[in-house]
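With the working numbering applied, the sequence shown covers 1 to 486. See below for the structure under consideration.
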Amino acid sequence: MKAPGRLSVGELLLEGDLTARRLLLDPDALDAAAMVRTWPEVVQAGHEFLAILPRRGGGPGVHALNVARSQDRTGERLQLMATSMHQHFSNRSWPGDGPHDDQLLAIAGNLIRAHDMVASHRRPAPLLTPAVLADAAVARERVLHTLYVASHAITVAVQAQLRATPRPGKSTPRVVSALRGAQQRLSTFEAVAGKEVYRTFPSDPALEHREPPAEDRLSAALAGWDIATHRALARDPSMANMAELTRVQTHTLAMTRTILDAAASLGVLDAPAYDARLQPHLTAAESAWGTLHATVRDLTSHTHRTVTPGLRAAGSEVAHALSEIVMTGTTLADPATIATRVHLPATTATLLGALEAPHQISLLLPDAALHPTTTVSARAAQQLLTPLEAGRKPPGIERPDAAWVDPRALVADRPVPPPPPVRELIRAQLHHVSTTSHAMSSAATPLTAPAQARPLQARKARPSAARQTRPRVSSAAATARTGAQR
Numbered sequence: 001m002k003a004p005g006r007l008s009v010g011e012l013l014l015e016g017d018l019t020a021r022r023l024l025l026d027p028d029a030l031d032a033a034a035m036v037r038t039w040p041e042v043v044q045a046g047h048e049f050l051a052i053l054p055r056r057g058g059g060p061g062v063h064a065l066n067v068a069r070s071q072d073r074t075g076e077r078l079q080l081m082a083t084s085m086h087q088h089f090s091n092r093s094w095p096g097d098g099p100h101d102d103q104l105l106a107i108a109g110n111l112i113r114a115h116d117m118v119a120s121h122r123r124p125a126p127l128l129t130p131a132v133l134a135d136a137a138v139a140r141e142r143v144l145h146t147l148y149v150a151s152h153a154i155t156v157a158v159q160a161q162l163r164a165t166p167r168p169g170k171s172t173p174r175v176v177s178a179l180r181g182a183q184q185r186l187s188t189f190e191a192v193a194g195k196e197v198y199r200t201f202p203s204d205p206a207l208e209h210r211e212p213p214a215e216d217r218l219s220a221a222l223a224g225w226d227i228a229t230h231r232a233l234a235r236d237p238s239m240a241n242m243a244e245l246t247r248v249q250t251h252t253l254a255m256t257r258t259i260l261d262a263a264a265s266l267g268v269l270d271a272p273a274y275d276a277r278l279q280p281h282l283t284a285a286e287s288a289w290g291t292l293h294a295t296v297r298d299l300t301s302h303t304h305r306t307v308t309p310g311l312r313a314a315g316s317e318v319a320h321a322l323s324e325i326v327m328t329g330t331t332l333a334d335p336a337t338i339a340t341r342v343h344l345p346a347t348t349a350t351l352l353g354a355l356e357a358p359h360q361i362s363l364l365l366p367d368a369a370l371h372p373t374t375t376v377s378a379r380a381a382q383q384l385l386t387p388l389e390a391g392r393k394p395p396g397i398e399r400p401d402a403a404w405v406d407p408r409a410l411v412a413d414r415p416v417p418p419p420p421p422v423r424e425l426i427r428a429q430l431h432h433v434s435t436t437s438h439a440m441s442s443a444a445t446p447l448t449a450p451a452q453a454r455p456l457q458a459r460k461a462r463p464s465a466a467r468q469t470r471p472r473v474s475s476a477a478a479t480a481r482t483g484a485q486r
């Protein structure tokens with residue numbers, strides 16, 4: 001179930017699940033207050049989606065807003081717990097008014113879109129087949145897993161803020177009490193969701209409905225990603241966009257390597273030439289982009305992680321266009337399975353042609369990352385400075401007590417310009433990304449498929465062996481022979 005130019009229901013749910021997992025990759029950057037403000041909206045969206053799914057023993061679920069009870073008891077219980085939590089904290093000083101969490105809002109948006117797509121394609125009960133019911137059960141498990149992982153991430157954020165809050169005094173008892181209350185409610189929510197998740201997750205990947213990949217989806221996704229990256233770097237060269245760009249680029253190179261490995265193992269690519277020329281440079285470029293992403297991500301504070309919507313959407317499309325080719329559930333598909341999903345020679349040619357894009361993007365990164373207006377998290381910069389400056393005196397500093405980061409900005413974790421050592425590190429990593437991407441692009445240019453893997457038209461166009469061994473005739477002799485024939 002997928003409309004042109006949009007993610008399918010399964011891909012929307014998978015994107016939400018992956019977003020929830022990414023919350024736990026950097027727990028120190030989580031904002032507990034923003035996440036608690038956004039949490040009821042996420043659970044409400046998940047409850048409405050669960051309520052409309054078809055189930056065995058009846059037709060599609062009833063929309064949660066039309067009736068007091070739905071057919072999914074677990075989803076209803078979780079929704080009531082989130083609503084009670086929202087009502088409890090609406091009269092408290094914490095979390096109070098403020099911004100919402102961008103990643104949780106993205107999860108809620110995906111759930112709402114998935115709900116609308118299921119509602120528009122809902123079938124009467126007699127037309128529901130066992131395959132449809134099994135696919136709906138897989139979707140239910142993924143949504144519950146998303147809520148379970150996200151609730152754990154919020155619990156981690158609340159516990160971190162509780163440890164960072166001073167001991168109860170005259171000015172902090174209400175905040176500490178609210179944090180402890182949130183921790184208890186989230187722990188109960190996590191236990192209820194986890195009980196259902198552990199019973200059913202992960203499901204058999206064969207039960208999930210998979211549509212064959214569209215022929216032009218990958219090429220269109222790569223072209224859209226190239227345009228979105230140039231727009232983001234030109235209009236909003238923020239560290240948040242840099243973190244998203246480097247993350248998606250690392251993922252793209254990893255999936256590209258998997259497909260090209262499959263093509264080489266099946267003879268679509270010249271395996272010895274691929275192993276000797278392209279694969280080492282592809283692996284090096286993937287590693288360089290991943291290292292740069294880790295640095296940029298750590299330097300971006302949680303209050304400045306808003307990504308341009310167009311860049312986020314283009315990155316999701318590229319990730320899903322590649323994942324539907326190389327992934328089977330949570331594992332990589334074998335080369336034979338990959339070959340059954342796409343026309344491997346055409347897909348290989350598309351990916352080889354797209355390996356020039358990372359180098360072109362890397363040429364634009366220094367202007368964005370080292371722009372005079374670029375700022376980073378003060379605490380993250382200080383944490384990065386500690387190993388950089390260990391054992392050596394910073395150049396140009398006369399006073400031994402001078403600091404790269406203003407202590408006042410460090411306490412408040414304000415955005416600050418990158419200190420010189422951090423700028424040097426970023427510049428060195430950008431240079432490494434550009435060098436490895438250029439080497440990868442150069443290695444991919446002469447790599448072609450062997451004769452037996454080329455299309456029939458290409459093989460017919462090649463000169464025969466007899467014509468290849470025929471001695472070359474000079475232009476003068478050719479002219480004389482043509483005149484004699486006339």
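We treat Cβ as the ideally placed atom computed from N, Cα and C, and that holds for glycine.
What number of angstroms, rounded off, separates the C-alpha of His145 from the C-alpha of Val268?
39 Å
Taking only the alpha-carbon atoms, compute the straight-line gap between Asp28 and Ala157 and give it to the nearest angstrom.
8 Å
Report yes or no: do the region 414 to 434 and the region 253 to 264 share at least 3 C-beta pairs separated by less than 8 Å?
Short answer: they don't touch.
From the DSSP output, in three-state form, read off Leu233 for me.
If DSSP states are grouped into helix, strand and coil, Leu233 belongs with the helices.
Exposed unless 16 or more other CB atoms sit within 10 angstroms - verdict on Asp72:
buried
I need the straight-line Cα distance from Asp406 to Leu253, nearest angstrom please.
38 Å
Measure from the alpha carbon of Val149 to the alpha carbon of each residue in Phe189, Asp116, Pro130, Ser120, then state which is nearest.
Phe189
Rounded to whole angstroms, what is the Cα-Cα separation between Phe49 and Ala114?
7 Å
Confirm, please, whether the CB-CB distance from Val318 to Gly194 is below 9 Å.
no
Sequence-distant residues of the same chain with beta carbon closer than 7 Å to Arg305, five excluded per side
Excluding residues within five positions, the ones whose Cβ falls inside 7 Å are Asp102, Ala240.
Would you kindly work out how many angstroms separate the C-alpha atoms of Arg297 and Ala439, rounded to a whole number?
Going by the C-alpha atoms only, they are around 25 Å apart.
List the DSSP bridge partners of Thr331.
Thr331 is bridged to Thr328.
Can you list the alpha helix (DSSP H) stretches of 4 or more residues lying completely in the region 330 to 370, in chain order?
Taken in chain order, the complete alpha helix (DSSP H) segments of 4 residues or longer contained in the region 330 to 370 are 335 to 341, 344 to 354, 357 to 362, 365 to 369.
In chain order, what residues of the same chain have a beta carbon less than 6 Å from the beta carbon of Asn66, not counting five sequence neighbours either side?
With a pLDDT of only 38 at Asn66, under 50, the local geometry of the prediction cannot be trusted, and the value read off the model is given with reservation. Answer for Asn66: no residue qualifies.
Compare the C-alpha of Trp94 against each of Leu162, Thr435, Gly353 and name the closest.
Leu162
Give a yes or no on whether the minimum CB-CB distance between His281 and chain C is below 9 Å.
Chain labels in this structure do not include chain C; a single protein chain is all it has.
Give me whichever residues DSSP pairs with Pro415 in a beta bridge.
Ser377
Buried or exposed for Gln87, going by 16 or more other Cβ atoms inside 10 Å?
Per the 10 Å Cβ criterion, exposed.
Does the region 275 to 291 touch the region 370 to 385, meaning 3 or more C-beta pairs lie closer than 8 Å?
Taking a cut-off of 8 Å on C-beta distances, the region 370 to 385 does not touch the region 275 to 291, as fewer than three cross pairs fall below it.
Secondary structure of Gly10, DSSP reduced to three states
helix
Along the alpha helix (DSSP H) that carries Asp116, what are the first and last residues, could you check?
102 to 120
Need the endpoints of the alpha helix (DSSP H) that Ser442 sits in, please.
420 to 444
So what's Asn91 in DSSP terms, helix, strand or just coil?
coil
Rounded C-alpha distance that separates Glu11 from Ala403:
47 Å
Tell me which same chain residues have a C-beta within less than 8 Å of the C-beta of Thr348, skipping the five on either side of it?
Ile259, Leu260, Ala263, Val268, Leu269, Ala449
By Cβ distance, which residues of its chain are closer than 6 Å to Pro415, with the 5 residues on each side in sequence left out?
These residues qualify, in order along the chain: Thr375.
Between which two residues does the alpha helix (DSSP H) carrying Val143 extend?
130 to 164
What separation, rounded to the nearest whole angstrom, lies between the Cα atoms of Ala314 and Ala228?
7 Å
Around the C-beta of Asp31, are 16 or more other C-beta atoms found within 10 angstroms, so that it is buried, or is it exposed?
Around the beta carbon of Asp31, a 10 Å sphere encloses 16 or more other beta carbons of the protein chains shown; the residue is thus reported as buried.
Opening and closing residue of the alpha helix (DSSP H) in which Ala288 lies:
It spans 279 to 299 - the alpha helix (DSSP H) in which Ala288 sits, taken as one unbroken run.
Tell whether a beta-carbon distance below 9 Å holds between Leu282 and Pro335.
no
Using a threshold of 9 Å, state whether the C-beta atoms of Gly16 and Arg142 are closer than that.
yes
Does the beta-carbon of Ser434 have 16 or more other beta-carbons within 10 angstroms, so that it is buried, or is it exposed?
By the neighbour-count rule (16 or more Cβ atoms within 10 Å), Ser434 is buried.
Sorted by chain position, which residues of the same chain lie with C-beta nearer than 7 Å to Ala443's C-beta, five sequence neighbours on each side aside?
These residues qualify, in order along the chain: Arg277, Leu278, His281.
Can you look up Pro213 in the DSSP assignment and give me helix, strand or coil?
Looking at Pro213 - three-state DSSP - the assignment turns out to be coil, as it is neither helix nor strand.
Run of the alpha helix (DSSP H) containing Gly306, from where it starts to where it stops:
Rather than Gly, the amino acid found at residue 306 in this sequence is Thr. DSSP places Thr306 in no alpha helix (DSSP H); its state is neither H nor E.
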